[in-house]
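Chemist: First, the structure itself, so that you have it in front of you.
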Amino acid sequence: MENLEIARALADVAGLLEISGANPFRIRAYENAARTVEAHAVPLRRMVAEGAALTELPGIGKDIAGAIVELVETGRLARLEALKQEIPGSLLELTRLPGLGAKRVRRLWQELGVQTLDDLERAARADEIKELEGFGATTQQKILDGIAVRRRHVERIKWVDAAQFVEPLLAYLRAAPGAQRVEVAGSYRRHRETVRDVDLLVMAEDSGPVVERFVSYAEVARTELAGDTKATVVLKSGLQVDLRVVSPASYGAALVYFTGSKEHNVALRKRAVGRGLRVSEYGVCRVGEAEAAADDPFAGEYLAGAEEDDVYEALELRWIPPEVREDRGEIEAAAQGSLPALITENQLRGDLQMHSTWSDGKDSLEAMLDACVARGYEYFAITDHSKALAMTGGLDERKLRAQWEEIDEIVSRRTEIRVLRGMEVDILIDGQLDLEDALLAELDLVVVSVHSHFGLPAAEQTERILRAVQHPSVHVLAHPTGRLINRREPMEFDLDEVLRAAAASGVAVELNAHPDRLDLKDTQLRRAKELGVPVVISTDAHRTEDLSLMRHGIAQARRAWLEPGDVLNTRSVDDLLASLRS
DNA sequence: GCCGTTTTCGGCCCGACTGTTTTCAGTCG
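With the first sequence counted from 1, adding 32 to any position gets you the numbering used here.
In structure tokens form, the structure reads like this:
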């Protein structure tokens, strides 16, 4: 049982308690614990096995620690099952629709008998919901819209969630008899932000024992198919995993083939045909007309297949990093030797968005400093929320000045890293900023972002954001579209116009590295680069552990073809400050 | 249910917005 599954179980308890009308603080305790578990880097199953004290973790006391042990040891949670006896578990997913919370879902269930998404859709279409007291036509429509969004997203899971199941499975398969290499291919290897399933590739002379070990993995819920060299299973978590075992001679070709994307592969094969070659998952062959018509993938002269490098070379191409294999110009670039030198994580010298206990962060300013030092950064910006985000304890002028005092005090003792005085300032509904101009001017780094009124008409939204970007004190537009992967659609506005304005004003756009956001996304970042808009990659950390989310931002940046020169936080602090407009 | 330089009980982040309402419950973040 992985942390994500434990977190899900705890969150389900919280959700069902909420529907049942339990003590709100008890509910929050389960929510807090779920968040802690989800963010924790070490698998709790390992902590349980080693007898480590779970109660050391924030928000986890004796009771929930017991629940975690129960989950790890039995895979079940008695209190969750008891709750599901009272309340249909399917109500939980209804509470995740926008505009529906526990109270309304409870009423829909009790008054209309709604239990599932389908029930809800039927009731909405039959105009039953708008007749309920406290509901109306707008709410009913909002529910239908929410269902439509959910249906579009539900099949794909976030990369970071898949990773929790992939890593232990890889370790397990590497111990398979005869497995010489084990790698993930597919969209996971290309590091797409979400994946539908996971493709694993194993190099082995004898495939049987590998397939055998794969289908007997303890986390397998069911085996969909198991052949000589190929198997498909569904894990207990619901994640589908495909396995393919190939011989060493074909490993590189198979890796190219199974990494994809489909579009990239089609383009490769097209290029091959023009050169009298045939590319398959077994290798690259030179084929005459008769051989090309044959079904045998080994017909003709066998040129390459053992390594990816060889496959690309046979096609007169440089090796192409998986993140850009989308047929978006990478093959042409590889042919001309003009592939970008993609950014790597160790090139970053600082993190430019994070929160502390001054607003909704979980760790103190100095703890964040320690964590940034531990990561080897030369600088970081502390960017707590502004007052409009009351629920985060956002800072007004008085609190901001108090924070500066603390920063000054810390800086006087801690000289090993440069602390930038920043703030994540809310963009208000009319595009004004949530802090006095005089104070904005005193900050080293002004990050602005939208946290409310996501649904403004596109023209108004564009105007609003443009106004903020054009404010003379602003340096960075953070999480520009406001999307939350699988949960909230991006705001409707003219991103291109905003990017042009950012370029004109010397304002950077953020690539928010949080795996729920990854905002801007790859294609949008590439557009930003094209328009000459500088990018910063920031974690938006709310606790020290979150600083490690940077790798997701880096992966996204690589998908966007970004090079170190495109990203401001690869620069020294002096260069950074000089390149941010004054 | 968790937590404790208010320490074993009594707090626990809370203001704004939305859609539904004539005074506010529910939701969001």
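The beta-carbon is built from N, C-alpha and C at its ideal position, and this holds for glycine as well.
Predicted, not measured: the structure shown is a model, and the values here were computed from it.
Given a cut-off of 8 Å on the beta-carbon distance, is the pair V273 and V214 in contact?
Modeler: No.
Chemist: Scan the stretch 482 to 519 and note each continuous alpha helix (DSSP H) run of 4 residues or more that stays entirely inside, going in chain order.
Modeler: Whole alpha helix (DSSP H) segments, 4+ residues: 490 to 501.
Chemist: Could you compute how far the alpha carbon of H417 sits from the alpha carbon of E153?
Modeler: Cα to Cα, H417 sits roughly 38 Å from E153.
Chemist: Look at the Cβ atom of S219, then the Cβ atom of G292, and state whether they are nearer than 8 Å.
Modeler: Contact: yes.
Chemist: Less than 8 Å between the beta carbons of Y334 and G315, yes or no?
Modeler: For Y334 and G315, yes; Cβs fall inside 8 Å.
Chemist: Confirm, please, whether the CB-CB distance from R590 to I375 is below 8 Å.
Modeler: Yes. Within cutoff.
Chemist: Let me make sure I understand the geometry here. Which of A61, K94, A500 and G47 has the alpha-carbon closest to that of E529?
Modeler: Answer by Cα proximity: A500.
Chemist: Could you tell me which residues DSSP pairs with K262 in its beta bridges?
Modeler: DSSP, once it has assigned bridges, lists R276 as partnering K262.
Chemist: Check whether the stretch 296 to 308 touches the stretch 362 to 379, counting contact only when three or more Cβ pairs, one atom from each stretch, lie closer than 8 Å.
Modeler: In short, these stretches touch, since the Cβ pair count reaches three.
Chemist: Mind the definition here: the stretch 545 to 553 touches the stretch 441 to 454 only if three or more C-beta pairs lie below 8 Å; say whether that holds.
Modeler: Judged by Cβ distances under 8 Å, the stretch 545 to 553 makes no contact with the stretch 441 to 454, as fewer than three pairs qualify.
Chemist: Just to confirm the assignment: which complete alpha helix (DSSP H) runs, minimum length 4, are found wholly within the stretch 385 to 464?
Modeler: Correct list: 397 to 406 and 429 to 445.
Chemist: State the Cα-Cα distance for the pair V506 and A39, rounded to the nearest angstrom.
Modeler: The straight-line gap from Cα to Cα measures roughly 38 Å.
Chemist: Spatial neighbours of R188 within its chain, please: C-beta separation below 8 Å, excluding the five flanking residues on both sides.
Modeler: Counting only Cβ-Cβ distances below 8 Å, and skipping sequence neighbours, we find T226, V227, R228 and N518.
Chemist: Can you give the Cα-Cα distance for L109 and R138, rounded to whole angstroms?
Modeler: Cα to Cα, the separation comes out at about 23 Å.
Chemist: What are the boundary residues of the alpha helix (DSSP H) that includes E160?
Modeler: Looking at the DSSP string, E160 is not in any alpha helix (DSSP H), and its letter there is neither H nor E.
Chemist: List the whole-angstrom C-beta distance separating L132 from L126, where the pair is believed to meet the contact cut-off of C-beta under 8 Å.
Modeler: Confirmed, Cβ separation roughly 6 Å.
Chemist: If you compare alpha carbons, which of E410, C404, T513 and Q142 is closest to R575?
Modeler: Minimum Cα distance to R575 is reached at C404.
Chemist: To the nearest angstrom, how far is the alpha carbon of V478 from that of R357?
Modeler: Between V478 and R357, the C-alpha separation is close to 35 Å.
Chemist: Are the Cβ atoms of Q196 and E377 separated by less than 8 Å?
Modeler: Cβ atoms of Q196 and E377: not closer than 8 Å.
Chemist: What is the C-beta distance between P130 and Q147, in whole angstroms, given that I count them as a contact (C-beta under 8 Å)?
Modeler: At roughly 19 Å, the Cβ-Cβ gap does not stay under 8 Å, so P130 and Q147 are not in contact.
Chemist: How many angstroms separate the CA atom of A338 from the CA atom of V288?
Modeler: Going by the C-alpha atoms only, they are around 11 Å apart.
Chemist: Report buried or exposed for F290, applying the criterion of at least 16 other Cβ atoms within 10 angstroms of its Cβ.
Modeler: F290 should be labelled buried.
Chemist: Once DSSP output is grouped into helix, strand and coil, what is the label at Y334?
Modeler: Strand.
Chemist: Would you report the Cα separation of D572 and G259, rounded to the nearest angstrom?
Modeler: Roughly 45 Å separates the two Cα atoms.
Chemist: Out of A207, Y409, R350 and E456, which one is the CA nearest neighbour of H387?
Modeler: Closest by alpha carbon: E456.
Chemist: Do S611 and L594 have their beta-carbon atoms positioned less than 8 Å apart in this structure?
Modeler: In this structure, S611 does not lie closer than 8 Å to L594 by Cβ.
Chemist: Counting only runs that start and end within the stretch 170 to 235, where is the beta strand (DSSP E) found for 3 or more residues in a row?
Modeler: Here the runs fully enclosed are 213 to 216 and 229 to 235.
Chemist: Taking the beta carbon of G426 as the centre, do at least 16 other beta carbons fall within 10 Å, making it buried, or is it exposed?
Modeler: G426 comes out buried.
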